[in-house]
Structures are given as structure tokens and as C-alpha cells.
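Participant: Using this note's numbering, read the sequence shown as starting at 1189 and increasing by one per residue.
For each residue, glycine too, the CB sits at the ideal point set by N, CA and C.
Since the structure is predicted, the reported quantities are computational estimates derived from the model, not experimental observations.
One structure, pasted below without further comment.
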Amino acid sequence: MTAKEGLRADLAKAAHEEIERACTLGWRQLSAHTPWGDTFEGFTPAGREVCFERSYLWDDDPGGDIRVEVNVYQPRAFEEGVRLTRKIAKETSAS
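Here it is in C-alpha cells:
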């Protein structure tokens, strides 16, 4: 594996871990805070210093499904980061 492939795999693993955490709350909890986003510094599983960017956005119309976006990148290398997206469907229960 080349150094670039190793970096990409490390960023991807960090992004997968972060999107799992980002999706632990359900639609009901997130809807009160959507749209929202944050960027913070941390470390990948291999110990690289990176930026984690997390966003909760309305997928289409406000009050509908929520799109969760995670981007993990090395400082000053945003374009080479790994971006993942998931959707949290609007709950249909009446309560």
C-alpha cells in the first residue's frame, strides 16, 4: 500500500467511525437542532491529526428527512478529505 493509499484508508476509517456517532440520535432529537454543523480537531485511528466536520441539514424541505454529512481531512488539505453522507428518515409516529 502506498503512503497516499494508507492515508486515504485511515481517513475513511475515521469518517466511518464519526458518521456512526453522528447518526446515534434519531430524527426527533436532531430535528430541533437542524440545520447545524460543527468542526473540531481530533485524531484518526492511526494517530494523524485531522479535522472532523459534521453537519445536519434538511435533505429537501425543512421538517423532512435529515441529511448527515461528515468530512474528515488533514489541516490545510480539505480537498483530499473523505466525505460521507447518510439520511435519517423523518419519523412517521404521531407522538
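Mind reading off the beta-carbon distance from Ile1254 to Asp1248? Whole number of angstroms is fine, and I expect it under 8 Å.
Facilitator: With 8 Å as the limit, Ile1254 and Asp1248 do not qualify as a contact, their Cβ atoms being about 10 Å apart.
Participant: Taking Phe1240 and Glu1193 to be in contact with their CB atoms under 8 Å, please state how far apart those CB atoms are, rounded to whole angstroms.
Facilitator: Phe1240 to Glu1193, Cβ: 21 Å. No contact.
Participant: Hey, quick one: how far does the alpha helix (DSSP H) through Gly1225 stretch, first residue to last?
Facilitator: No alpha helix (DSSP H) holds Gly1225; the beta strand (DSSP E) holding it covers 1224-1231.
Participant: How big is the Cα-Cα spacing for Leu1218 and Tyr1244?
Facilitator: Each residue's alpha carbon lies about 8 Å from the other.
Participant: Which same chain residues end up closer than 7 Å to Arg1236 when comparing Cβ atoms and leaving out the 5 residues on each side of it in sequence?
Facilitator: If we look at Arg1236 and ignore the five residues flanking it on each side, its Cβ neighbours are Asp1198, Gln1262.
Participant: Look at Gly1214 and Ile1276 and say whether their C-beta atoms are less than 9 Å apart.
Facilitator: Yes; because the gap between Cβ atoms is below 9 Å, this pair is in contact.
Participant: Out of Gly1251, Asn1259, Arg1274, Leu1272, which one is the CA nearest neighbour of Ala1220?
Facilitator: When only C-alpha atoms are compared, the closest one is Gly1251.
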